[in-house]
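Everything on this sheet refers to the single structure shown next.
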Amino acid sequence: MMTALLSTFARVLAAGGTAAFLIYVPSPAYADDASNALAATHKDIEQTFGKVPDFLKAFPDSGLPGAWAETKALEFSDGALTVKTKALISLAVSAQIPCSYCIWSDTVSARQAGATDAEIKEAVAMAAITRHWSTIFNGMQVDFEQFKKDLGGDTTANK
Numbered sequence: 242m243m244t245a246l247l248s249t250f251a252r253v254l255a256a257g258g259t260a261a262f263l264i265y266v267p268s269p270a271y272a273d274d275a276s277n278a279l280a281a282t283h284k285d286i287e288q289t290f291g292k293v294p295d296f297l298k299a300f301p302d303s304g305l306p307g308a309w310a311e312t313k314a315l316e317f318s319d320g321a322l323t324v325k326t327k328a329l330i331s332l333a334v335s336a337q338i339p340c341s342y343c344i345w346s347d348t349v350s351a352r353q354a355g356a357t358d359a360e361i362k363e364a365v366a367m368a369a370i371t372r373h374w375s376t377i378f379n380g381m382q383v384d385f386e387q388f389k390k391d392l393g394g395d396t397t398a399n400k
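So the sequence shown is residues 242 to 400, counted in our numbering.
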């Protein structure tokens, strides 16, 4: 990796001089920006959870700001799907993986978002029935094209 990077530097110097080389040199400002982003992320996590949970402390510092931004924007915010719907989907997937951490936290999240016990049970049952039929279709090697024809041949479901 370092050899390839040095080789790139040499080609840049030969082609365009030191001005072009400076574009490739890591800047101390980048380290400051990364440090500031991490501090801001920790502050935001503390505001969300009341502290920085141990599992987030274990996450690599270099990736935490991006991972937290993605999680917060997608999982903790309404979008095309409500937070409640997302929590129910996540719970259903978690039950299939299985992930006990996720099952616990997704159940709590779903309840906090207003999901009833009946909605939670139905989400998990949907995951089970989907897995059930997937096992049958795949195990019996049902022809996929015939399956689509049998169910009306509507191809817009994949668009």
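Glycine included, C-beta positions come from ideal geometry on N, C-alpha and C.
**Study point:** Runs of beta strand (DSSP E) wholly within the region 258-335 (minimum 3 residues, chain order)
**Key:** none
Review point. Alpha helix (DSSP H) containing C343: first to last residue?
Key: S341 to Q353
Check your understanding: Ends of the alpha helix (DSSP H) at D358?
Key -> D358 to G380
Review point. For the candidate residues Q288, P306, K292 and V349, whose alpha-carbon lies nearest to that of S276?
Key: P306
Check your understanding: Helix or strand or just coil, what does DSSP make of D391?
Key -> helix
Point to revise | Euclidean distance between Cα positions of I330 and W374 | key: 18 angstroms
Review point. Touch check for the region 349-369 and the region 314-332: three-plus C-beta pairs under 8 angstroms?
Key: yes
Check your understanding: Would W309 be called buried (16 or more neighbouring beta carbons within 10 Å of its own) or exposed?
Key -> buried
Review point. Tell me which same chain residues have a C-beta within less than 7 angstroms of the C-beta of D302, skipping the five on either side of it?
Key: L279
Check your understanding: Among I286, F317, Q288 and K284, which one has its Cα closest to the Cα of V349?
Key -> F317
Check your understanding: Which one of I344, V324 and T376 has the shortest CA to CA distance from Q353?
Key -> V324
**Study point:** Burial state of D347, where buried means 16 or more other Cβ atoms lie within 10 Å
**Key:** buried
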